[in-house]
Amino acid sequence: MSSETLLPTISALQIPTLKQEETIEITFKANNKKIKMPAPPEISKDQLKEQFDFYWTESIDPHTSRRKEIMKKYPQVTKLCGHVESTKYISVFVVLLQITISYYLKDTFPLSLKFLLLAYFIGGFANQNCFLCIHELSHNLGFKKPIHNKLFSIITNLPIGIPYSASFQPYHQLHHKFLGDEVYDTDLPTKYEAIFLSNVLGKAFFATFQIFFYALRPMFVTTVPYTAIHLLNVIVQFLFDYLVIHYWGWYSYFYFLISSFLAGSLHPTAGHFVSEHYIFRPPKIYRPFLDLPPVETYSYYGILNLFTWNVGYHNEHHDFPFIAWSNLPKLKETAPEFYSGLPTHESWCWTIVDFIFNYDVTMFNRVKRNTAGKKLRSLVDFDDNSK
Numbered sequence: 000m001s002s003e004t005l006l007p008t009i010s011a012l013q014i015p016t017l018k019q020e021e022t023i024e025i026t027f028k029a030n031n032k033k034i035k036m037p038a039p040p041e042i043s044k045d046q047l048k049e050q051f052d053f054y055w056t057e058s059i060d061p062h063t064s065r066r067k068e069i070m071k072k073y074p075q076v077t078k079l080c081g082h083v084e085s086t087k088y089i090s091v092f093v094v095l096l097q098i099t100i101s102y103y104l105k106d107t108f109p110l111s112l113k114f115l116l117l118a119y120f121i122g123g124f125a126n127q128n129c130f131l132c133i134h135e136l137s138h139n140l141g142f143k144k145p146i147h148n149k150l151f152s153i154i155t156n157l158p159i160g161i162p163y164s165a166s167f168q169p170y171h172q173l174h175h176k177f178l179g180d181e182v183y184d185t186d187l188p189t190k191y192e193a194i195f196l197s198n199v200l201g202k203a204f205f206a207t208f209q210i211f212f213y214a215l216r217p218m219f220v221t222t223v224p225y226t227a228i229h230l231l232n233v234i235v236q237f238l239f240d241y242l243v244i245h246y247w248g249w250y251s252y253f254y255f256l257i258s259s260f261l262a263g264s265l266h267p268t269a270g271h272f273v274s275e276h277y278i279f280r281p282p283k284i285y286r287p288f289l290d291l292p293p294v295e296t297y298s299y300y301g302i303l304n305l306f307t308w309n310v311g312y313h314n315e316h317h318d319f320p321f322i323a324w325s326n327l328p329k330l331k332e333t334a335p336e337f338y339s340g341l342p343t344h345e346s347w348c349w350t351i352v353d354f355i356f357n358y359d360v361t362m363f364n365r366v367k368r369n370t371a372g373k374k375l376r377s378l379v380d381f382d383d384n385s386k
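In terms of numbering that gives the first Met the number 0, the sequence shown has 126 at position 127, counting the first letter as 1, and numbering is strictly consecutive.
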């Protein structure tokens with residue numbers, strides 16, 4: 000007997016509307032047996048999420064409540080918080096590695112196979128490591144004092160080729176403090192991005208050039224305070240770029256730029272961008288502001304965490320932003336029951352493929368909240384990592 004014969008057929012399809020107290024009759028093909036069951040509750044069209052809209056909710060982000068529950072049950076997790084000394088040494092090694100390779104390629108044409116292979120398989124991993132080291136430093140996890148983290152971020156920024164670290168820090172703090180906020184969470188795609196990029200070609204374009212979306216989108220969505228650190232970031236980066244071009248030539252500088260582009264494009268480590276907060280298994284029915292939102296943060300526990308400061312431990316990171324990369328696995332081990340049941344990604348590479356070709360996954364597959372407003376935004380301490 001095939002599995003198909005076990006599927007029920009609904010014999011009451013002629014009923015125009017069904018009220019909750021009514022019943023429907025179902026006939027099983029396998030044995031011609033008929034049963035009656037309650038009809039599903041009637042849901043108005045106004046209550047349903049439109050196909051091309053985000054998952055709107057008024058609920059607070061789940062990380063706040065989970066953090067409180069974990070701290071109540073396991074108060075010792077606070078001992079995992081704080082900066083890690085090894086971060087700066089690893090970062091210096093990666094920066095020097097990239098500078099060495101850029102010198103090695105100073106006479107190699109950028110579109111040659113040798114250049115592109117090195118840029119993809121070493122430069123892509125290395126510059127993704129730099130991106131995510133700056134992410135660690137934005138949470139003050141490299142040094143005890145915030146100013147030291149900001150200054151060291153400028154050094155880590157050098158192989159990226161363009162000034163980036165000073166702006167990333169405040170924008171990323173807004174992402175944590177206002178997760179899903181329609182204005183202040185600049186990790187969210189805008190409505191116009193979602194409208195035009197939700198088909199296969201659009202998603203492929205986004206995945207290929209997503210580094211530009213993450214770099215440019217914040218400037219069009221909200222603003223952050225500009226400080227002397229921003230100016231210093233620009234001056235140091237442009238001076239470094241000038242020296243590289245002057246003494247080694249444009250090819251060396253192009254190595255930095257191409258490595259950065261590849262790190263944020265169709266690269267294994269770039270899978271973390273779309274894996275962290277996009278909903279890959281959306282509910283069939285969702286009522287905005289009425290239903291609890293789908294899970295909005297996803298972790299990945301695979302081998303690529305070795306190159307990316309354990310950014311795959313993303314639920315853990317959002318629960319405790321002041322726990323450094325090397326201690327995130329310890330958090331999961333300490334409170335396993337809080338994480339074992341959450342959906343995860345098994346592969347960043349497959350995540351990119353699934354994101355592009357899965358019809359159910361669109362740019363709208365993000366949880367969004369109405370903006371918290373300028374008053375709460377004005378109270379933000381960009382050096383506070385408690386949330």
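Even for Gly, the Cβ is constructed at its ideal location relative to N, Cα and C.
(message) Alpha carbons only, please: which of ASP318, ASN369, THR268 is nearest the one belonging to TRP349?
(response) THR268
(request) Tell me, to the nearest whole angstrom, how far the beta carbon of TYR338 is from that of GLU315; I am working on the premise that it is less than 8 Å. (result) 7 Å
(request) Note down the Cα distance separating ALA38 from LEU256, rounded to an integer number of angstroms. (result) With a pLDDT of only 48 at ALA38, under the threshold of 50, the placement of this residue in the model should not be trusted; the figure read from the coordinates follows. Rounded to whole angstroms, ALA38 to LEU256 spans 59 Å at the Cα level.
(message) With the cut-off set at 7 Å, would you say ALA125 and VAL93 are in Cβ contact?
(response) yes
(message) Going by beta-carbon coordinates alone, are PRO217 and THR185 separated by less than 7 Å?
(response) yes
(message) Could you compute how far the alpha carbon of PRO293 sits from the alpha carbon of LEU178?
(response) 14 Å
(request) Apply the 10 Å Cβ neighbour rule to LYS367 and answer buried if 16 or more other Cβ atoms are within range, or exposed otherwise. (result) buried
(request) Just tell me which of HIS134, THR370, ASP106, TYR299 has its CA closest to the CA of GLU57. (result) THR370
(request) Hey, could you find the ends of the alpha helix (DSSP H) TYR297 is sitting in? (result) Looking at the DSSP string, TYR297 is not in any alpha helix (DSSP H), and its letter there is neither H nor E.
(request) Take the Cβ of GLN75 as the centre, count every other Cβ of all protein chains shown within 10 Å, and call the residue buried at 16 or more, exposed below. (result) exposed
(request) For TYR54, name the three-state secondary structure that DSSP assigns. (result) strand
(request) Count the other C-beta atoms from every protein chain shown that fall within 10 angstroms of the C-beta of ASP60, then say buried if there are 16 or more, exposed otherwise. (result) buried
(request) List the endpoints of the continuous alpha helix (DSSP H) containing GLN172. (result) 164 to 176
(request) List in chain order: all unbroken alpha helix (DSSP H) runs of 4+ residues lying wholly within the segment 255 to 330. (result) 270 to 274, 313 to 318
(request) Check each candidate in ILE146, GLY160, HIS313, MET70 and name the one with the smallest Cα separation from ILE234. (result) GLY160
(request) Within the same chain, show all residues whose beta-carbon is closer than 6 Å to that of ILE278, passing over the 5 residues directly before and after it, in chain order. (result) PRO293, ASN364
(request) For the alpha helix (DSSP H) holding LYS67, just list the boundary residues, first then last. (result) 61 to 72
(request) Assign GLY81 to one of three DSSP states: helix, strand, or coil. (result) strand
(message) When you compare the CB positions of GLU135 and TRP324, do they come within less than 7 Å of one another, or not?
(response) yes
(message) So, with DSSP's three-state summary, where would you put LYS367?
(response) strand
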